[in-house]
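Q:
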Amino acid sequence: MKIGVVGTGAVGGYFGGLLQRVGNEVVFLARGRNFEVMKKDGLLIISEKESFKVHQYFTDQLSYFRDVDLALICLKSNTTKEVAEKLLPILKKDAWLLTLQNGVDNEEVLSDIFGANRVISTAVYIQASVLKEGVVKQIGRPPRLVIGAVDVRNQDVAEEIASLFNKANIQTFVSEHIMEVKWKKLLWNVTFNPLSALLKISVGNILEHPQLYQTAQTICKEAISVAQQVGMKIDDNFTKEILERGNFAKDHKTSMLQDRLRGKRMEIESICGHIVKKGKEFQVETPVLETIYRLLKYIDSSTS
Numbered sequence: 000m001k002i003g004v005v006g007t008g009a010v011g012g013y014f015g016g017l018l019q020r021v022g023n024e025v026v027f028l029a030r031g032r033n034f035e036v037m038k039k040d041g042l043l044i045i046s047e048k049e050s051f052k053v054h055q056y057f058t059d060q061l062s063y064f065r066d067v068d069l070a071l072i073c074l075k076s077n078t079t080k081e082v083a084e085k086l087l088p089i090l091k092k093d094a095w096l097l098t099l100q101n102g103v104d105n106e107e108v109l110s111d112i113f114g115a116n117r118v119i120s121t122a123v124y125i126q127a128s129v130l131k132e133g134v135v136k137q138i139g140r141p142p143r144l145v146i147g148a149v150d151v152r153n154q155d156v157a158e159e160i161a162s163l164f165n166k167a168n169i170q171t172f173v174s175e176h177i178m179e180v181k182w183k184k185l186l187w188n189v190t191f192n193p194l195s196a197l198l199k200i201s202v203g204n205i206l207e208h209p210q211l212y213q214t215a216q217t218i219c220k221e222a223i224s225v226a227q228q229v230g231m232k233i234d235d236n237f238t239k240e241i242l243e244r245g246n247f248a249k250d251h252k253t254s255m256l257q258d259r260l261r262g263k264r265m266e267i268e269s270i271c272g273h274i275v276k277k278g279k280e281f282q283v284e285t286p287v288l289e290t291i292y293r294l295l296k297y298i299d300s301s302t303s
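0 is the number of the first residue of the sequence shown in numbering that gives the first Met the number 0; add one for each residue after it.
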């Protein structure tokens, strides 16, 4: 299968590299200095068990995706619409799109552009970061994916893609309720990402500080209330599970923190803004999350 990785950051680089290593033809889209380094020296992937290098098929041109069978959408959520619109006339009509992005709104954006019948969603559980241009490091527990079709009639495609990842030694499961799974992942992200990015601290710092722990707990409860009104079957007690999961990622720098430290735009809208806006739509108050959302928007406005 020919696979296109749209966005070679930590997630795209890691999973694309493992898929290529087992014999798939993979094309990696990158930009700027990252592209220049990888084109010259390859992509180095480091994990706690092994390290290996990917040496070919790096490009900064979407035209190289004309014949891919599967496009892995690994972009930051704030660029999904722009890049997807450029991809629409390039991708084959029967090419599938697999979103490995944060949030629960990218599926809607991609479905509006390509049609829901072409979109497969993924909940990604990985602790990974870009150490520098051309180097991705994965730490902690082995990465795990949960895959499901946006249009449930395409669950057989989701199963085929899951098999592809499992053959690359990536633990992958299939779910018929993928958006509920994605909401649960979003709840973890919104509990820790905003605070860590705002204060430039790790997940462990939040868990170990009583006031920050309480703030994270409140954010999680607000977000669960919104999720319930949207129609997700998530129990109030899920807050406890979210906070306990944080113990497995104490040293992890969240994706929003990584973006801020690298001077990049943060995924504020997909991780925070979407929940705040859904809260207003369903008349659910989210005062703590909304305050942090506004502070992050101010910080992000000064980022080029």
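In this text, a Cβ means the ideal position worked out from N, Cα and C, and glycines have one as well.
Report the partner residues of Trp182 according to the DSSP bridge assignment.
A: Position 183 of the sequence shown, counted from the first residue, corresponds to residue 182. Partner(s): none; Trp182 has no beta bridge.
Q: Which same chain residues end up closer than 6 Å to Gly139 when comparing Cβ atoms and leaving out the 5 residues on each side of it in sequence?
A: Locating residue 139 in the sequence shown gives position 140, where the first residue counts as 1. Correct list, in chain order: Gln126.
Q: Mind checking Arg143: buried by the 16 CB within 10 Å criterion, or exposed?
A: The sequence position of residue 143 within the sequence shown is 144, counting from 1. Arg143 should be labelled exposed.
Q: Nearest CA to the CA of Gly15: which residue from His54, Pro286, Glu207, Lys85?
A: Taking the first residue of the sequence shown as 1, we reach residue 15 at position 16. Ranking His54, Pro286, Glu207, Lys85 by Cα distance to Gly15 puts His54 first.
Q: Find out if the Cβ-Cβ distance for the pair Val135, Ala9 is shorter than 8 Å.
A: Taking the sequence shown and counting its residues from 1, the one referred to as residue 135 is at position 136. Taking the sequence shown and counting its residues from 1, the one referred to as residue 9 is at position 10. Yes. Within cutoff.
Q: With a Cβ-Cβ cutoff of 8 Å, do Arg117 and Trp95 count as a contact?
A: In the sequence shown, residue 117 corresponds to position 118, counting from 1. In the sequence shown, residue 95 corresponds to position 96, counting from 1. Yes. Within cutoff.
Q: Can the beta-carbon of Gly3 be found closer than 8 Å to that of Val67?
A: Within the sequence shown, numbered from 1, the residue matching residue 3 stands at position 4. Within the sequence shown, numbered from 1, the residue matching residue 67 stands at position 68. Result yes, Cβ atoms of Gly3 and Val67 sit closer than 8 Å.
Q: For Gly102, which three-state DSSP category applies?
A: Here the question's residue 102 lines up with position 103 in the sequence shown. Residue state, collapsed to three classes: coil.
Q: Closer than 7 Å to a non-hydrogen atom of the ligand GDP - does that hold for the CB of Leu74?
A: Inclusion of the ligand GDP in the displayed structure is not the case, the ligand content being empty and no account of it being possible.
Q: Determine whether the beta carbon atoms of Trp182 and Val103 lie at a separation below 8 Å.
A: In the sequence shown, counting from the first residue as 1, residue 182 sits at position 183. In the sequence shown, counting from the first residue as 1, residue 103 sits at position 104. Contact: yes.
Q: Taking the beta strand (DSSP E) that Lys249 belongs to, which residues open and close that run?
A: Residue 249 sits at position 250 when you count from the first residue of the sequence shown. That residue, Lys249, is in no beta strand (DSSP E); it is neither H nor E in DSSP.
Q: Please classify Glu207 as buried or exposed, where buried requires at least 16 neighbouring CB atoms within 10 angstroms.
A: By 1-based counting over the sequence shown, the position of residue 207 is 208. Classification for Glu207: exposed.
Q: Since Ser254 contacts Glu266 with CB under 8 Å, what's their CB separation in whole angstroms?
A: Translated into the one-based positions of the sequence shown, residue 254 becomes position 255. Translated into the one-based positions of the sequence shown, residue 266 becomes position 267. With a Cβ gap of about 7 Å, Ser254 and Glu266 count as contacting.
Q: Identify whether Phe27 lies in helix, strand or coil by the three-state DSSP scheme.
A: Translated into positions along the sequence shown, residue 27 becomes position 28. Here Phe27 sits in strand by DSSP.
Q: When DSSP labels each residue in this structure, what does Thr217 get in the three-state scheme?
A: The sequence position of residue 217 within the sequence shown is 218, counting from 1. Here Thr217 sits in helix by DSSP.
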